[in-house]
Amino acid sequence: MTAADRLAEARELLAGHPVVDGHNDLPWALREQVRYDLDRMDIAADQSASLHTDLARLRAGGVGAQFWSVYVPCRFTGDDAVSATLEQIDVVDQLLERYAADLAPALTADDMEAARKQGRIASLKGAEGGHSINNSLATLRALHALGVRYMTLTHNDNNDWADSATDGPGVGGLSAFGRQVVREMNRSGMLVDLSHVAATTMRDALDATAAPVIFSHSSARAVCDHPRNVPDDVLERLPANGGVAMVTFVPKFILPAAVEWTARADENLREHGFDHLDTTAEAMALHRAFEEAHPRPVATAATVADHLDHMREAAGIDHIGIGGDYDGTAFTPSGLDDVAGYPNLVAELLHRGWSHPDLAKLTWSNAVRALRDAEDVSRDLRDRTAPSNATIESLDGRGA
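Following my numbering, the numbering of the sequence shown begins with 51 at its first residue and continues without gaps.
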């Protein structure tokens, strides 16, 4: 079979079993680039000059469901973090109203399946970082009421109750209040997302949760030794938990040679007064100049497939998925340049002998099943337990 034949086969498979992508940062890119002015950045038009994402490329990529990240940086704290998260939620709602023919609001697994049958892209929300709730279980429940269906327990910095993968040890994983956050997420029906968290936090959350967890955008630490990735002992716990680890495409998390290069490129941004996560035009111009002077190690679809091969071996085919992190990263792998690239990854996996049933689990079924299972746990817990009004002061003896 030729490469063209495999690509055609991949597109045919995705027509029936489209991608559920765990993480796309379009809302933050819209905030940073045009302050949510959707007339200035209309994703019904070609936005390839500024974004990884627009409607035509989502269609070309075979995306059937998208968790839109309602991320805010850790520099937002307290009620400022809550307000900024609400603004992120609002712009997703604006997108859903403006592009209703293409994007379908989704709160449940049934909604995802209904959107697939309608030929629309099921659109869910995921909060990225527990700082978004300002140590308030009531705020957590309010985010769920506004449609948030997962929360990443940390972002790049520790919060008062959970340790991040890219910060020093804080509470040693999850504090008592952190475990209560997990339990309240279970009760609400919000998936516990363990991307970005320290391995100690991953293990504590798996001990505390009654529902499946996800990793919305993380890869395998055994393949690329970066703290943002998932250790094998955690991957091996996913079958008992029912969770799903969704491979990410960020080169510095998947290609060992890119780790050191990206650290130097990020430092170059900081030296010029930019945050290392900045993807505005000015920051990208600096990145391009740095790349011209210092050629970048380039990941490919095969690099991502190496992670998926390992994750399938460690966790099992029922516990892996895809979370590209488009519009949340300055660089992407060759062949996975934007959201139109998913068929190239599926074609690579076909080349490696992955079966159609296994690919259908990877792209669609596993993520839908994890959300459905979390909904089942939520119904049971709501029948038996009342909402928790615990505070961080009462459980941890400190905090806001």
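Cβ coordinates follow ideal geometry from the N, Cα and C atoms, glycine included. The model shown is predicted, which means the values in this text are computed figures rather than measured ones.
From the DSSP output, read off the bridge partner residues of residue i.
{"i": "L174", "result": "F117"}
{"i": "M296", "result": "G371"}
{"i": "V280", "result": "A270"}
{"i": "A154", "result": "A172"}
{"i": "S384", "result": "T350"}
{"i": "L224", "result": "A212"}
{"i": "V69", "result": "V113"}
{"i": "Y376", "result": "N74"}
Looking at the secondary structure, which residues open and close the alpha helix (DSSP H) in which residue i lies?
{"i": "L395", "result": "392-401"}
{"i": "L244", "result": "Premise fails: L244 is in no alpha helix (DSSP H) and is neither H nor E."}
{"i": "K302", "result": "301-304"}
{"i": "L288", "result": "288-291"}
{"i": "Q335", "result": "Before going further, note that residue 335 is Ala rather than Gln in the sequence given. Counting along the chain, the alpha helix (DSSP H) containing A335 begins and ends at 331-343."}
Could you spell out the range, first to last residue, of the beta strand (DSSP E) harbouring residue i?
{"i": "M201", "result": "198-202"}
{"i": "I264", "result": "263-265"}
With DSSP run on the structure shown, which of helix, strand or coil describes residue i?
{"i": "N74", "result": "strand"}
{"i": "T350", "result": "strand"}
{"i": "A436", "result": "coil"}
{"i": "A255", "result": "helix"}
{"i": "D129", "result": "helix"}
{"i": "H194", "result": "helix"}
{"i": "A450", "result": "Bear in mind that a pLDDT of 48 at A450, under 50, signals an unreliable position, so the number given afterwards is only what the model happens to contain. Correct three-state label for A450: coil."}
{"i": "A54", "result": "helix"}
{"i": "P407", "result": "helix"}
{"i": "I93", "result": "coil"}
{"i": "V231", "result": "helix"}
{"i": "V122", "result": "coil"}
{"i": "R85", "result": "coil"}
{"i": "A165", "result": "helix"}
{"i": "S186", "result": "coil"}
{"i": "D207", "result": "coil"}
{"i": "G218", "result": "coil"}
{"i": "G366", "result": "coil"}
{"i": "T135", "result": "helix"}
{"i": "L327", "result": "coil"}
{"i": "G180", "result": "helix"}
{"i": "T441", "result": "coil"}
{"i": "E62", "result": "helix"}
{"i": "D275", "result": "coil"}
{"i": "S100", "result": "coil"}
{"i": "A249", "result": "helix"}
{"i": "A260", "result": "coil"}
{"i": "M361", "result": "helix"}
{"i": "M240", "result": "coil"}
Can you tell me whether residue i is buried or exposed? The criterion is at least 16 other CB atoms within 10 Å of its CB, across all chains shown.
{"i": "A95", "result": "exposed"}
{"i": "P383", "result": "buried"}
{"i": "N394", "result": "buried"}
{"i": "D325", "result": "exposed"}
{"i": "H322", "result": "exposed"}
{"i": "H276", "result": "buried"}
{"i": "D104", "result": "buried"}
{"i": "N185", "result": "buried"}
{"i": "P77", "result": "buried"}
{"i": "M162", "result": "buried"}
{"i": "T259", "result": "buried"}
{"i": "E178", "result": "buried"}
{"i": "A313", "result": "exposed"}
{"i": "S444", "result": "exposed"}
{"i": "N416", "result": "buried"}
{"i": "K411", "result": "buried"}
{"i": "R432", "result": "exposed"}
{"i": "P289", "result": "exposed"}
{"i": "H337", "result": "buried"}
{"i": "D55", "result": "exposed"}
{"i": "G180", "result": "buried"}
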